[in-house]
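Numbering (our numbering), first residue to last: 1382 to 1621.
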């Protein structure tokens, strides 16, 4: 990091299934610091299998923030993320530690590091961008992007999707419904959950459901990569 008076932060981003969480966990242990999740689904309680959320054991090894903080019916937006994450960065910096922001929600990370400010009514429309006005990021930040060959990425996505179903994604959705979570709750629209709901309604077979989740995840990865291309300050590293 530089000698800048700005608050300091590491950022690890990349398409889904590139190994962001594993790298962040290793780096956080090495630096004796904490992780701030930039994942729009990890905020929801009891949504574990389909979100590939860090395990309880991993969270005991390293303190994670912005995980399991909301009920499934609650709404979460870029405005809420920036507000919460910026306060955490300040607090962790005050303890002489450099937090690690990790996740694949590109808008969240871009809004955070570029210093978006929002309308008073929190309608998610940015009224001011520190980066656009000054050419500088809001933080003294090291921003790392993980990338890999497209074919290998898709293979990883397919394997991860299969693992989610093998690990009990259908049972997790059944339990969520049984606990009173509505099918139209915001969290139920996440990839993997909405397709599993369709399966439970008898709209397709399990095999078709797994294939549909894989396709949706691959398309999401494409959108992530497209988003990251607008963030010229990312330093990309190829995962082999």
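The beta-carbon is built from N, C-alpha and C at its ideal position, and this holds for glycine as well.
Considering residue 1539, what are the terminal residues of the alpha helix (DSSP H) in which it resides? 1531-1547
What does a CB cutoff of less than 8 Å around residue 1586 pick up in its chain, not counting 5 residues either side in sequence? 1580
In chain order, what residues of the same chain have a beta carbon less than 7 Å from the beta carbon of residue 1457, not counting five sequence neighbours either side? 1421, 1424, 1451
Mind the definition here: the stretch 1481-1489 touches the stretch 1407-1418 only if three or more C-beta pairs lie below 8 Å; say whether that holds. yes
Hey, residue 1453 and residue 1559: beta-carbon distance below 9 Å or not? For the pair residue 1453 and residue 1559, the CB atoms are not nearer than the 9 Å cut-off.
Residue 1487 in three-state terms, based on DSSP: helix
Do residue 1571 and residue 1397 have their C-beta atoms within less than 9 Å of each other? no
Kindly indicate which three-state DSSP category residue 1499 falls into: helix, strand or coil? In this structure, residue 1499 counts as strand in the three-state DSSP scheme.
C-alpha gap between residue 1527 and residue 1474, whole angstroms: Using only the alpha carbons, I get a separation of about 25 Å.
What are the start and end residues of the alpha helix (DSSP H) that includes residue 1467? 1459-1475
Beta-carbon spacing of residue 1612, residue 1490 below 9 Å: yes
Applying the criterion that 16 or more other CB atoms from any shown protein chain within 10 Å of the CB defines a buried residue, is residue 1437 buried or exposed? exposed
With distances taken between CB atoms, is the gap from residue 1701 to residue 1609 smaller than 9 Å? A query on residue 1701 cannot be resolved here, the shown segment of the chain reaching from 1382 to 1621 and no further.
Coarse secondary structure for residue 1403, derived from DSSP in three states: helix
Using a Cβ-Cβ cut-off of 7 Å (strictly less than) and excluding sequence neighbours within five positions of residue 1402, which residues of its own chain qualify? 1435, 1483
Less than 8 Å between C-beta atoms, sequence neighbours within five positions excluded: which residues of the same chain meet that for residue 1615? 1394, 1524, 1525, 1526, 1609
Which value, in whole angstroms, describes the spacing of the CA atoms of residue 1543 and residue 1591? 7 Å
How would you call residue 1540, buried or exposed, if buried means at least 16 neighbouring beta carbons within 10 angstroms? Burial call: exposed.
Option nearest residue 1618 by Cα separation, candidates 1404, 1440, 1472, 1496: 1404
Nearest to residue 1538 (by Cα), restricted to the options 1498, 1561, 1598: 1598
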